[in-house]
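Undergrad: Top to bottom, those sequences are chains H and R. Take the first sequence: its letters are residues 1 to 381, numbered as in full-length UniProt numbering. Take the second sequence: its letters are residues 1 to 381, numbered as in full-length UniProt numbering. Just passing along the structure, written as structure tokens.
There are 2 protein chains.
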Amino acid sequence: MSRDKNLPLDQILVGDCIDLMNRLPERSVDLVFADPPYNLQLGGDLLRPNNSRVDGVDDAWDRFDDFASYDKFTREWLSAARRILKDDGALWVIGSYHNIFRVGSILQDLGYWMLNDVIWRKTNPMPNFRGRRFTNAHETLIWCARSKEQKRYTFNYEAMKALNEDQQMRSDWLLPLCTGSERLKDSAGKKVHPTQKPEALLYRVLLASTNPGEVVLDPFFGSGTTGAVARALGRRYIGLERDLAYAEAAQNRIAAVKPMTEADIVALRAKRTEPRVPFGTLVERGLLKPGEVLFDERRRWSARIRADGTLIAPLGRDLEGGRDGDGSQDGGVVGSIHSVGAAVQGAQACNGWTFWHVTRDGMSLPIDIFRQQIRAELAGE
Amino acid sequence: MSRDKNLPLDQILVGDCIDLMNRLPERSVDLVFADPPYNLQLGGDLLRPNNSRVDGVDDAWDRFDDFASYDKFTREWLSAARRILKDDGALWVIGSYHNIFRVGSILQDLGYWMLNDVIWRKTNPMPNFRGRRFTNAHETLIWCARSKEQKRYTFNYEAMKALNEDQQMRSDWLLPLCTGSERLKDSAGKKVHPTQKPEALLYRVLLASTNPGEVVLDPFFGSGTTGAVARALGRRYIGLERDLAYAEAAQNRIAAVKPMTEADIVALRAKRTEPRVPFGTLVERGLLKPGEVLFDERRRWSARIRADGTLIAPLGRDLEGGRDGDGSQDGGVVGSIHSVGAAVQGAQACNGWTFWHVTRDGMSLPIDIFRQQIRAELAGE
DNA sequence: TTGAGGGGTGAATCCGACG
DNA sequence: GCGTCGGATTCACCCCTCA
């Protein structure tokens, strides 16, 4: 859980994010969430330091200069972030069409491996006042692993599915802007930060791609939404922010956050982390008996249970299965519930737990219900 | 209207699109729509949960050695496209996270000026079978002008607004994949092209950013969706396609398209925003009465009209609706015709005007007919 | 005719623990 | 690090069959 590295956990460090990241230990952070500045230089006239206007020398070159400096900045902070990410770490960036294409390209050039681009669809975007374009109603996030080669990354599939009415979470997220009481205001009622992100956005990001106790670093901490949500969700944060006023506002904001209880946070446990139950256990415990015959749901194939927890299936199709006598070895496929299920179907793989059924009281039941029964017993102990 | 330049109008040229573009006169084309290879980097096979194989895009034209070679290709075709665009021309590109960030960056480097990035949200995307990522449920389009300095570009604001319930068209478009009878199949029933785009997508693109008679060039013509929609909408097309089989299929497809009448096209183009009619107006005018019950077309859901022009629907399904007494607040969903329609269906959005029906003389009529009636009155005044 | 149900399929960077 | 193998994993829509 990364308490080893002397990380400045649950703190905001004030300074240049590239410098600060370069001083942190490498491979120490689970996630980076970044909301970098958009390339604001692209707007109006380009002025020299003495305020004279750069005149039509070569617009393309000027543009290249603008983009080049933004690209250089982007390469630097993304490189620094990659150094401090753990091998199984990941990174999120958010941006708009002004900068996200530069960021995405550079990400890929640096060896990050894209997992998804995610669209934040705004319920309440600013309209296009002049009627010259489509209402710019979304922003783009990129979710990427530290590298293509890395073994694993965190994705809490079940939690995301639960958040989305028990259907897979899609790559387009409909969320309102940060307004109302969530929006930080100063004593004069002026908004503290121009681009404060909604907590719901970070909630989804952190819930999807971190586990409780893990460390998320935000190099452009701003008003501290990342920290506030991390604290609420039982994650640790490191905030980097150049502007002291922002950092102080964020600090106060986070201090007021009440963390969720551990029970609430762990509520959704992934299926794939449930304890493994060998099929043989079902036989050992007498839930299934050696010699019993299993069928697929539509009774196209059958297989007989052997005492060691393997199955044996006849070679061709077999509509009735049994009646071979008791221990006869009639030259069939032998193996695990999975491999025999795959073999009879001629498939590459098969989940034997859901494929094979057994008859009880005239009903056809998947053998997985016996596994669930054993898991329930294990959980109760 | 560009009949000056000896362009190969309404034709498909077979060959390398960069060569072909370089042979066309410069500044001769109004719009470029491009659906370049995405540079997917697929590993082995992907199996569905039922063990069937996903028919992925493994065509030679989508394989590049590395990002550098993809970038070089992208720079070349985008440069060639820019040369043949008129000074007030524009370009659309579509892509996915695999390539769109490279394309977007290079666009900007070459001097194109982004107007919007547009998200095509798919109603029916392929699920993520392994549960390892978010469902990749969208693709990204970039709409850009030839240069930042250009005076004008075409944007049919009113037509877009009319297409979107009289509200500004947003940058996220919800459209289904190209399936069913629209999808080109060969005599064996196999899809002709692996990535055929839906006509509705091109319809919106061309309606938004071209005028009748203008020329749209598609350098990756494929199955010819751009040409088919251009012909239907009274635009001219130039298709460039390397693969002769694709070109022939596209040719046949386009020949079968029946162009809309000029009157229809002009109507679309000139369509003024129709006056907004609040639902409450129908109640005010007595066309509908408070307490009346609305149904969806198939009478699966119902809602009662309240005096203020909102609806109230019972929480669960309700086949008969009424008989609650007059002003009772029996704990249902309350809101606009649109929000209640969405809520009862569990949908994110709903056009209440076409969703809700009312019974008149034993017939079920959409409430939109009353809006039309009021609009007719307003137009007559 | 209509409805229920089964099968097919779409631009996809789609596994990981354990020995 | 690599091979083995257990076993987890899908949504909307269209078409067809059959009752």
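No residue lacks a Cβ here, since even glycine has one placed at the ideal position from N, Cα and C.
Please identify the residue among H:D30, H:A228, H:N164 whose C-alpha is closest to the C-alpha of H:R83.
TA: Numbered from 1 along the first sequence, position 83 holds the residue referred to as residue 83 of chain H. Cα-wise, what sits closest to H:R83 is H:D30.
Undergrad: Closer than 8 Å, Cβ to Cβ, to anything on chain R: give me those residues from the region 123–140 of chain H, in chain order.
TA: P125, P127, N128, G131, R132, R133, F134, T135, N136, A137, H138, T140
Undergrad: Verify the CB distance criterion: does H:I367 have a CB-CB separation below 8 Å to chain R?
TA: Position 367 of the first sequence, counted from the start, is the residue given in the question as residue 367 of chain H. For H:I367, the answer is no, since every Cβ of chain R falls outside 8 Å of its Cβ.
Undergrad: With 9 Å as the C-beta to C-beta threshold (strictly closer), list the residues of the region 97–119 of chain R near chain H in chain order.
TA: Y97, H98, I100, F101, R102, V103, G104, S105, I106, L107, Q108, D109, L110, G111, M114, L115, N116, D117, V118, I119
Undergrad: How would you call R:M114, buried or exposed, if buried means at least 16 neighbouring beta carbons within 10 angstroms?
TA: Taking the first residue of the second sequence as 1, we reach residue 114 of chain R at position 114. By the neighbour-count rule (16 or more Cβ atoms within 10 Å), R:M114 is buried.
Undergrad: Only counting the same chain, and skipping five residues up and downstream in sequence, which positions put a Cβ closer than 8 Å to that of H:G335?
TA: The residue you call residue 335 of chain H lines up with position 335 of the first sequence. Excluding positions up to five away in sequence, the list reads T310, L311, A343.
Undergrad: Would you mind working out which of R:T195, R:L24, R:D308 sits nearest R:D55, comparing C-alpha positions?
TA: Position 55 of the second sequence, counted from the start, is the residue given in the question as residue 55 of chain R. If we check each option's Cα against that of R:D55, R:T195 comes out closest.
Undergrad: Can you name the residues of chain H whose CB is closer than 7 Å to the CB of R:N156?
TA: As a working note, residue 156 of chain R is residue 156 in the second sequence. Those within 7 Å of R:N156 in chain H number zero; the least Cβ separation is about 10 Å.
Undergrad: Closer than 9 Å, Cβ to any Cβ of chain R: which residues of the region 67–82 of chain H, in chain order?
TA: From the region 67–82 of chain H, only F67, D71 have a Cβ closer than 9 Å to chain R.
Undergrad: Looking at C-alpha atoms only, which residue of R:G213, R:P219, R:I119 is the closest neighbour of R:D19?
TA: Within the second sequence, numbered from 1, the residue matching residue 19 of chain R stands at position 19. Ranking the options by Cα distance to R:D19, first place goes to R:P219.
Undergrad: I'd like to confirm the pairing. Which residues does DSSP put opposite H:K185 in its beta bridges?
TA: On the first sequence, residue 185 of chain H is found 185 positions in, with the first residue counted as 1. Its beta-bridge partners are H:K191.
Undergrad: Less than 8 Å separating the beta-carbons of H:V215 and H:L9?
TA: The residue given as residue 215 of chain H occupies position 215 in the first sequence. The residue given as residue 9 of chain H occupies position 9 in the first sequence. The answer is yes: Cβ separation under 8 Å.
Undergrad: Taking its Cβ as the centre, do 16 or more other Cβ atoms sit within 10 Å of R:P25, making it buried, or is it exposed?
TA: To locate residue 25 of chain R, count along the second sequence from 1; it is residue 25. Exposed, because fewer than 16 other Cβ atoms sit within 10 Å of the Cβ of R:P25.
Undergrad: Using CA coordinates, which residue listed in H:L244, H:E158, H:V192 is at the minimum distance from H:R204?
TA: Start at 1 with the first residue of the first sequence, and residue 204 of chain H comes out as number 204. Checking every option, the nearest Cα to that of H:R204 belongs to H:E158.
Undergrad: Quick check on the burial criterion: 16 or more other C-beta atoms within 10 angstroms. Buried or exposed for R:Q348?
TA: As a first step, residue 348 of chain R is located in the second sequence; it is residue number 348 there, counting from the start. By the neighbour-count rule (16 or more Cβ atoms within 10 Å), R:Q348 is not buried but exposed.
Undergrad: Is R:L211 close to chain H? Criterion is C-beta to C-beta, closer than 8 Å.
TA: In the second sequence, the residue the question calls residue 211 of chain R occupies position 211. Here residue 211 of chain R turns out to be Asn, not Leu, going by the sequence shown. Cβ-Cβ to chain H under 8 Å: no for R:N211.
Undergrad: DSSP three-state call for R:S302: helix, strand or coil?
TA: By 1-based counting over the second sequence, the position of residue 302 of chain R is 302. Correct three-state label for R:S302: strand.
Undergrad: Look at the alpha carbon of H:N99 and the alpha carbon of H:N39, and state the distance between them as a whole number of angstroms.
TA: Taking the first residue of the first sequence as position 1, residue 99 of chain H is located at position 99. Taking the first residue of the first sequence as position 1, residue 39 of chain H is located at position 39. For H:N99 and H:N39, the distance between alpha carbons rounds to 6 Å.
Undergrad: H:F220 by DSSP, collapsed to three states: which one?
TA: Here the question's residue 220 of chain H lines up with position 220 in the first sequence. In this structure, H:F220 counts as coil in the three-state DSSP scheme.
Undergrad: Do the region 142–157 of chain H and the region 121–133 of chain R meet, that is, are 3 or more Cβ pairs less than 8 Å apart?
TA: yes
Undergrad: Should R:S171 be flagged as near chain H, meaning a C-beta pair shorter than 8 Å?
TA: Sequence index remark: in the second sequence, residue 171 of chain R carries index 171 (1-based). It does; some Cβ of chain H falls within 8 Å.
Undergrad: At what residue ranges does the region 53–135 of chain H contain a whole run of the beta strand (DSSP E), taking only runs of 3 or more?
TA: 85–95, 113–122
Undergrad: Looking only at its own chain, which residues have a Cβ that is under 8 Å from the Cβ of R:K191, when we skip the five neighbours before and after it?
TA: Looking up residue 191 of chain R in the second sequence gives position 191. Cβ within range, chain order: R183, L184, K185.
Undergrad: Using the beta-carbon count (16 or more within 10 Å), is R:P366 buried or exposed?
TA: Taking the second sequence and counting its residues from 1, one reaches residue 366 of chain R at position 366. Buried: at least 16 other Cβ atoms inside 10 Å.
Undergrad: Taking only the alpha-carbon atoms, compute the straight-line gap between H:L174 and R:R306 and give it to the nearest angstrom.
TA: Position 174 of the first sequence, counted from the first residue, corresponds to residue 174 of chain H. Position 306 of the second sequence, counted from the first residue, corresponds to residue 306 of chain R. Approximately 29 Å, taken between the alpha carbons.
Undergrad: Would you please state the rounded distance, in angstroms, between the beta carbons of R:V103 and R:V93? I believe it to be under 8 Å.
TA: The residue labelled residue 103 of chain R in the question sits at position 103 within the second sequence. The residue labelled residue 93 of chain R in the question sits at position 93 within the second sequence. Confirmed, Cβ separation roughly 5 Å.
Undergrad: What's the C-alpha gap between R:L141 and R:S223?
TA: Locating residue 141 of chain R in the second sequence gives position 141, where the first residue counts as 1. Locating residue 223 of chain R in the second sequence gives position 223, where the first residue counts as 1. Going by the C-alpha atoms only, they are around 19 Å apart.
Undergrad: Mind checking which residues open and close the beta strand (DSSP E) that includes H:A34?
TA: Sequence index remark: in the first sequence, residue 34 of chain H carries index 34 (1-based). H:A34 -> beta strand (DSSP E) spans 29–34.
Undergrad: Once DSSP output is grouped into helix, strand and coil, what is the label at H:A313?
TA: In the first sequence, residue 313 of chain H corresponds to position 313, counting from 1. Here H:A313 sits in strand by DSSP.
Undergrad: Starting from H:Q150, find everything on chain R with Cβ-Cβ shorter than 9 Å and list it in chain order.
TA: Locating residue 150 of chain H in the first sequence gives position 150, where the first residue counts as 1. Result: empty, since nearest Cβ-Cβ is about 13 Å, beyond 9 Å.
Undergrad: Going by beta-carbon coordinates alone, are H:E36 and H:W77 separated by less than 8 Å?
TA: What you label residue 36 of chain H is simply residue 36 of the first sequence in a count that begins at 1. What you label residue 77 of chain H is simply residue 77 of the first sequence in a count that begins at 1. The question names Glu, yet the displayed sequence has Pro at residue 36 of chain H. The answer is yes: Cβ separation under 8 Å.
Undergrad: Out of R:S69, R:T179, R:A313, point me to the one whose CA is closest to R:Q345's CA.
TA: The residue given as residue 345 of chain R occupies position 345 in the second sequence. Out of R:S69, R:T179, R:A313, R:A313 has the C-alpha closest to the C-alpha of R:Q345.
Undergrad: Rounded to a whole number of angstroms, what is the C-alpha to C-alpha distance between H:R170 and H:R121?
TA: Within the first sequence, numbered from 1, the residue matching residue 170 of chain H stands at position 170. Within the first sequence, numbered from 1, the residue matching residue 121 of chain H stands at position 121. Straight-line spacing of the CA atoms in H:R170 and H:R121 works out to 12 Å.
Undergrad: Chain H beta carbons: is any one of them nearer than 8 Å to that of R:R121?
TA: One-based indexing of the second sequence puts residue 121 of chain R at position 121. It does: the Cβ of R:R121 has a partner Cβ on chain H nearer than 8 Å.
Undergrad: State the beta-bridge partners of R:D172 as determined by DSSP.
TA: In the second sequence, the residue the question calls residue 172 of chain R occupies position 172. DSSP, once it has assigned bridges, lists R:I119 as partnering R:D172.
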